[in-house]
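J.: Could you have a look at this structure, given as structure tokens, before my questions?
Number of protein chains: 2
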Amino acid sequence: MRVPVVGMVGAGQLARMTAQAAIPLGVRLHVLAADPADSAAEAAAEVVLGAPDDPAGLAALAKGADVVTFDHELVEPALLEALERDGAVVRPGSDVIAVVIDKRRQREALARLGAPQPPHQVVADAAEVRTFAAAHGWPLVLKAARGGYDGRGVWVVADEAEAATVLAEAAARGVVLLAERMVALDCEIAVIVARRPSGEVAVYPAVQTVQRDGMLRELAYPAPIASSLADEARDLARRVAEGLGVVGVLAVELFVSGGALLVNELAARPHNSGHASIEGCVTSQFENHLRAVLDWPLGDPSPVVPAFALVNVVGPADGSDPAARTADALAVPGLHLHLYGKAAKPGRKLGHVTVVGDDVAQCLAAARRGAALLTGET
Amino acid sequence: MRVPVVGMVGAGQLARMTAQAAIPLGVRLHVLAADPADSAAEAAAEVVLGAPDDPAGLAALAKGADVVTFDHELVEPALLEALERDGAVVRPGSDVIAVVIDKRRQREALARLGAPQPPHQVVADAAEVRTFAAAHGWPLVLKAARGGYDGRGVWVVADEAEAATVLAEAAARGVVLLAERMVALDCEIAVIVARRPSGEVAVYPAVQTVQRDGMLRELAYPAPIASSLADEARDLARRVAEGLGVVGVLAVELFVSGGALLVNELAARPHNSGHASIEGCVTSQFENHLRAVLDWPLGDPSPVVPAFALVNVVGPADGSDPAARTADALAVPGLHLHLYGKAAKPGRKLGHVTVVGDDVAQCLAAARRGAALLTGET
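Residue numbers (numbering that gives the first Met the number 0), protein chains in the order written: chain A, 0 to 377; chain B, 0 to 377.
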């Protein structure tokens, strides 16, 4: 029998963890890596070298694969359309990527689907920002419609002067800006959904996410919200996945504000907020992403434990490598270590640790202790 | 930081699952593969081509690795001693391999450690077999001291004529034979122990194993024995691991006979009876094998669920490939699939399925259903 081959654009930690999930499924994961030292290169069955905007690299990846999917969505939709025209199976499709790559189009799509959102508006100049601020107050959030991730491309501006700086830079780069109301947060949560072409959907439990400098730093299950609100979030996430026609995994990040849900943003790929599914749920988001894009029956996304927590391992300021402190961290009982094989750099996501158990506070305390031992910040 | 490298002799499914465990630990697994199509070749970070009895291959593996360990123990201890003399760190060491590779030496070592065993004796000719049978009855078990696995090298002989055939073949091949009493079984169980050089030990829960034609076919936790007997088995397995000075994982297979324990045999490597630890326990045997040979703190071997079951996927008689029926099996709720990427052949171990849950009978029923869907025997 020919072994199923999934081609993944990008070779970061998401591809690395997908490669891990591919092994027991008997699936070959090929990755399009910009650099042979990329996180997933060593773990993948095959590496195609090329940038995500390199048509030859994309074509080479597609040629060897039954289906093309994504480690990140920083791909030009027109290049994906070209692949699709040439007969490649691209999941999610170029139409979905065109939406999720652009925060303005995300907002438009969410509005069409009736999903609750923070007040937002495209702003082209200082006058439009001023008008928006008059309605929604300072500070407000400015977001580049395209190109941002992990806090890049998002600015909280306190007044017109700060807004002017962002506007000037955006204009210089030809970047469309969105203004969004700065929402008073109860907390942030996220829901992962996997969907296959047949329509079958698996909805993961809602988890609390804690961001710092725009980067996810911690997550915890159960989230500190009413279970009815968690159910509502899961229904909403399912509705968005179905409404967009996503195939694969969709991450829906939400604000909880005044007891109500507002969609923050979407990612149509495995996502940091789903990493604890490896140990915390029956089927990991990575396995279900593969099953979804191969149109195989999805696995159970239910939690296997009453509680779990995850803390990201971020490169410490002194530039030291957390991997050198692996043995220290492994002494923390129950700690699950995930190193991404990336060169250490201050502020760079280098791994994460997960702890599962009966009590979320205990899981979180243990995970924090493990992460601190890794970064030397104890 | 230099990435830790573990070199594994052999590239079968044990190496494949160890490779999967190596990825999140940030460990590079190099494998010594006799064939580039071996099960682990695709999953490992690097493949050294060579037979396990090829000194050049072993030396090349050792040269690139911080520590050398094993996917199987069919390695000549003298070759390992040579590696050790050249400064390689071999774990478990050649002294342990010399014991576990030879069933006679296993029996001698177990006797020294005071471990309960079935009555046994080396038999050189028909007269010695006759004397043994007079004391212990027919049928009896004849075992080749070396070279057997998965039922190969083990014969149940009903009478002197059958024994004569085995004796003749053994004599022709220069193989030492052990006679063992055919024990009346309540059931068979197994205990996995991981031990690091510092002496830290992790003892896994006792699982029931079900063999067919000498090959492990199913396992179930909890085993259908009193918890006091399970504790006794775990104490015994720990004592054997410590007594032999094993580093890495030791599998202790036991008979339960008349409510008492008898050691059947040992393997000083990850073992089929530990595969369900991937989903069923906090830390898998594969991860703990790596942690042990790297002298890192061991992970918690406790079960994360009240029950789990595993069924091996064995190549069906019609020669068809279970991998072609992957989607059918994945429709079984909660099924965890592990395919080994091996060419299908009747009677060959090609994978396994695991189901975890609250009730062992339900887990076993679901796992059997999944395995039957894979082999087309539904």
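A virtual CB, placed ideally from N, CA and C, is assigned to each residue, including glycine.
1. Might you give, ordered along the chain, the residues of its own chain that have their beta carbon closer than 6 Å to the beta carbon of A/Phe117, omitting 5 neighbours on each side?
2. Less than 8 Å separating the beta-carbons of B/Gly9 and B/Pro54?
3. In angstroms with no decimal places, state the Cα-to-Cα distance between B/Ala18 and B/Asp317.
4. Along the stretch 315-341 of chain B, where does the CB come closer than 7 Å to a CB of chain A? Name the residues.
5. Rounding to the nearest angstrom, what Cα-Cα distance links A/Leu184 and B/Val89 in this structure?
6. In whole angstroms, what separates the C-alpha of B/Pro138 from that of B/Ala160?
7. With DSSP as the reference, label A/Glu75 as helix, strand or coil.
8. Beta carbons nearer than 9 Å to chain A: which residues of the stretch 288-299 of chain B have them?
9. Rounded to whole angstroms, what's the CA-CA distance from A/Leu166 to A/Leu176? Just pull it up for me.
10. Smallest Cα separation from B/Val354: which of B/Gly346, B/Pro302, B/Pro345 and B/Ala365?
11. Are the C-beta atoms of A/Leu25 and some chain B residue less than 8 Å apart?
12. Three-state secondary structure (DSSP) at A/His274?
13. Cutting at 7 Å between CB atoms, please list the residues of its own chain near A/Ala20, excluding the five before and the five after it.
14. By alpha-carbon positions, which one of A/Ser276, A/Ala222 and A/Gln120 ends up nearest to A/Leu253?
15. Examine the Cβ distances between the stretch 237-255 of chain A and the stretch 99-113 of chain A and report whether three or more of them are shorter than 8 Å.
16. Can you give the beta carbon distance from B/Thr374 to B/Val331, rounded, assuming they're within the 8 Å contact cut?
17. Please work out which residues of its chain come closer than 7 Å, Cβ to Cβ, to A/Cys280, disregarding the five sequence neighbours upstream and downstream, and give them in chain order.
18. Kindly indicate which three-state DSSP category B/Val246 falls into: helix, strand or coil?
19. Give the single residue among A/Ala323, A/Leu309 and A/Val30 whose Cα lies nearest to the Cα of A/Pro315.
20. The alpha helix (DSSP H) that contains A/Ala323, what's its start and end?
21. Quick one: is A/Thr130 buried, meaning 16 or more other Cβ sit within 10 Å of its Cβ, or exposed?
22. Who are the neighbours of B/Val303 on chain A, taking C-beta pairs under 8 Å?
23. Taking the C-alpha atoms as reference points, what is the distance between B/Val255 and B/Ala43?
24. Closer than 8 Å, CB to CB, is A/Val378 near chain B or not?
25. Would B/Leu338 pass as a contact of B/Glu217 if the rule is Cβ separation under 8 Å?
26. Check each residue of the stretch 264-290 of chain B: if its Cβ is closer than 7 Å to any Cβ of chain A, include it; give the result in chain order.
27. For A/Leu235, which three-state DSSP category applies?
28. Does any C-beta atom of chain B lie closer than 8 Å to the C-beta of A/Arg15?
29. Taking a cut of 8 Å between CB atoms, which residues from the stretch 19-44 of chain B lie near chain A?
30. Rounded to whole angstroms, what's the CA-CA distance from B/Gly25 to A/Gly11? Just pull it up for me.
31. Strictly by DSSP, which residues pair up with A/Pro413?
32. In the DSSP output, what is A/Glu107 paired with across the bridge?
33. Excluding the 5 residues preceding and the 5 following A/Met16 in the sequence, name in chain order all residues of the same chain whose CB lies nearer than 6 Å to its CB.
34. What whole-angstrom Cβ distance do B/Ile188 and B/Ala201 have, given they're in contact under 8 Å?
T.: If we stick to the structure as given:
1. The residue you asked about is not Phe; residue 117 of chain A is Pro in the sequence shown. The residues are Glu179, Arg180, Val182 and Leu261.
2. no
3. Spanning the two alpha carbons is a distance of roughly 31 Å.
4. Asp320, Ala322, Ala323, Thr325, Ala326, Leu329, Ala330, Pro332, Gly333, Leu336, His337, Leu338 and Gly340
5. Going by the C-alpha atoms only, they are around 55 Å apart.
6. The alpha-carbon atoms of B/Pro138 and B/Ala160 are separated by roughly 12 Å.
7. Secondary structure at A/Glu75: coil, using DSSP grouped into helix, strand and coil.
8. Arg290, Leu293, Asp294, Trp295, Pro296, Leu297, Gly298 and Asp299
9. 8 Å
10. B/Ala365
11. According to the sequence displayed, residue 25 of chain A carries Gly and not Leu. At least one chain B Cβ lies under 8 Å of A/Gly25.
12. coil
13. Ser283, Phe285, Glu286 and Leu289
14. A/Ala222
15. yes
16. That belief does not hold up - the Cβ atoms of B/Thr374 and B/Val331 are roughly 13 Å apart, past 8 Å.
17. Tyr203, Pro300, Ser301, Pro302 and Val303
18. coil
19. A/Ala323
20. A/Ala323 -> no alpha helix (DSSP H), and no H or E assigned at all.
21. exposed
22. Val303, Val304 and Val355
23. 38 Å
24. With chain A running from 0 to 377 in the structure shown, residue 378 of chain A is simply not present.
25. no
26. Val281 and Arg290
27. helix
28. yes
29. Gln19, Ile22, Pro23, Leu24, Gly25, Arg27, Glu41, Ala42 and Ala44
30. 14 Å
31. No answer is possible for residue 413 of chain A: the residues shown for chain A start at 0 and end at 377.
32. DSSP, once it has assigned bridges, lists no residue as partnering A/Glu107.
33. Closer than 6 Å at Cβ, skipping near neighbours: Phe285.
34. Not quite, the Cβ-Cβ distance comes to about 18 Å (not below 8 Å), so this is no contact.
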